[in-house]
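Please read the structure below before turning to the comments.
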Amino acid sequence: MRCSKCLLCLSALLTLLGLKVYIEWTSEARLSKASAGPRGVLPGPTSACPEPTLPANLSARLGQTGPPPLAYWNRQQRQLRALPGGDSAEAGGCQAWGAAAAAQIPDFTSYPEDLRRFLLSAACRSFPRWLPEGGGSHVAGCSAADVPYLLLAVKSEPGRFAERQAVRETWGSPAPGVRLLFLLGSPAGEGRPDLGSLVAWESRRHRDLLLWDFLDVPFNRTLKDLLLLAWLGRHCPDVAFVLQAQDDAFVHTPALLGHLQALPPSWARSLYLGEIFTQAKPLRKAGGPFYVPGSFFEGDYPAYASGGGYVIAGRLAPWLLRAAARVAPFPFDDVYTGLCFRALGLVPRAHPGFHTAWPAHRALDSCAFQDLLLVQPLSPQHSIGLWRHLHAPQPRC
Ligand SMILES: *[C@@H]1O[C@H](CO)[C@@H](O)[C@H](O)[C@H]1NC(C)=O
Ligand SMILES: *[C@@H]1O[C@H](CO)[C@@H](O)[C@H](O)[C@H]1NC(C)=O
């Protein structure tokens, strides 16, 4: 009698435990772009740290060998020599590229609207800066006397004023060697409220907004990456490291600086550091988040650092731009960055301090943050709370 009660208790406990594991697993899979693959492990110091190279034919680097593929991206990548050139004089070229893409995909009309829009303009990658009325850019380049060690490049959207302000008040606040910039598309456009004058005021007030004249939607995030890389080449070529993060990330900036300064120089030179997904596969549930049709892309994703936040070596900027001109467009910015690194023959490095599928309900427990470098997503309020917490005298764990 007693024992059957015990068994009942035990089985109930096991069921609950199973349920908890399942819920954690599904919530994590939901937050990430891909069906979960194994997390990357930190490669040993003996693994190769090659210099970037860009072979004449990228097929082998990008795993596009073997029988002719059926999916559009894979076919495109095999035959692609270079995307139509960057300047606006060739806009016809990039539009034509999009129209050809649509024509070559048999079920194009069944694609989700944002993917169709992406493909039609994916090769159009050069956009002018968006400048407030009355003109004038409010962002200074890096002066020779003041080259940042770490540039915090934060992808935001015009309406996300509170997220930006929380970053300025916390992990992006002024510190020696650190510079903060937000990357945004146009604050006006396509039936949206016109935030132009508000954003112009913010830009004058803080001088930390890099704005370009394109529609600010998630599938245009790769434009922010590429336009930033081009800006760096012109205005800040000697920056040592660039953190690319979303505006709902939280970064323990002092700990990240410490980690970067302690890296072996050979790692630091080709750095691509974050939470790494390896062997991730595209999600195939039509209508679901991050859906990728089988007729568009086949195979696994490259190993890539989650777009919630990752760090690259600044000297790779021109290399990544050159690679991007020859890697077929892909709608997710972080997967695309992973493809470009793979094209250059560079491997991402995983660090357990990057948490980019942070369940919102997880308690802010001081001991859980001992080795934290970055968490995402976090609300502006939670970011402020956590920043204060990290600066309070620490209880022993
Ligand atoms: C690259 O090499 C593959 C074979 O590995 C070939 O099918 C493809 O046509 C080549 N691409 C270019 C652009 O030369
Ligand atoms: C990205 O921005 C360009 C320029 O504003 C626009 O033509 C394109 O449709 C946008 N992409 C998406 C996916 O909406």
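For reference, each letter of the sequence shown is one residue, going -18 to -1, 1 to 379 in mature numbering (1 follows the signal peptide of the UniProt record, and there is no 0). Built from N, CA and C at the ideal position, the CB exists for glycine as well. Remember, predicted model here, so these are calculated numbers, not experimental data.
Query, Result
"Contained alpha helix (DSSP H) runs [length at least 4] in the segment 63 to 103, N- to C-terminal order", "73 to 86, 95 to 103"
"For V357: DSSP bridge partner residues", "F232, H337"
"Check: D96 C-beta below 7 Å from any heavy atom of ligand 2", "yes"
"G256 burial status per 10 Å Cβ neighbour count (16 or more: buried)", "buried"
"Spatially closest choice to D176 from G141, S248, H333, by CA coordinates", "G141"
"Whole runs of the alpha helix (DSSP H) within the segment 283 to 316, excluding any shorter than 4 residues", "299 to 306"
"Residue closest to L192, alpha-carbon to alpha-carbon, out of L40, L239, H120", "H120"
"Q61: CB within 7 Å of a non-hydrogen atom of ligand 1", "yes"
"Distance CB(Q358)-CB(W369) smaller than 8 Å", "no"
"Assigned exposure category for P362 - 16 Cβ within 10 Å defines buried", "buried"
"Cα-Cα separation, Q86 to L209", "28 Å"
"Local Cβ density within 10 Å of P49, reported as buried at 16 or more and exposed below that", "exposed"
"Those residues which DSSP pairs with R331 across a bridge", "L255"
"Helix, strand or coil at R161 [DSSP, three-state]", "strand"
"Beta-carbon proximity list for A317, same chain, < 6 Å, skipping 5 on both sides", "It is worth fixing the name first, because residue 317 is Val in this sequence and not Ala. For V317, where only same-chain residues beyond five positions count, the Cβ hits under 6 Å are Y283, Y286."
"Range covered by the alpha helix (DSSP H) that runs through V149", "143 to 151"
"Bridge partners - Y273, DSSP secondary structure assignment", "L265"
"Cβ-Cβ separation, L162 to E139 (assumed contact under 8 Å), whole Å", "Going by Cβ atoms, the distance from E139 to L162 rounds to 17 Å, so no, they are not a contact pair."
"Cβ neighbours of P311 in the same chain (closer than 7 Å, five flanking residues each side left out)", "A104, A105"
"Closest by C-alpha distance to P88, when choosing among P114, A268, L101, Y54", "Y54"
"Cutoff 6 Å; reference L225; Cβ partners in own chain excluding five residues on either side", "L134, V293"
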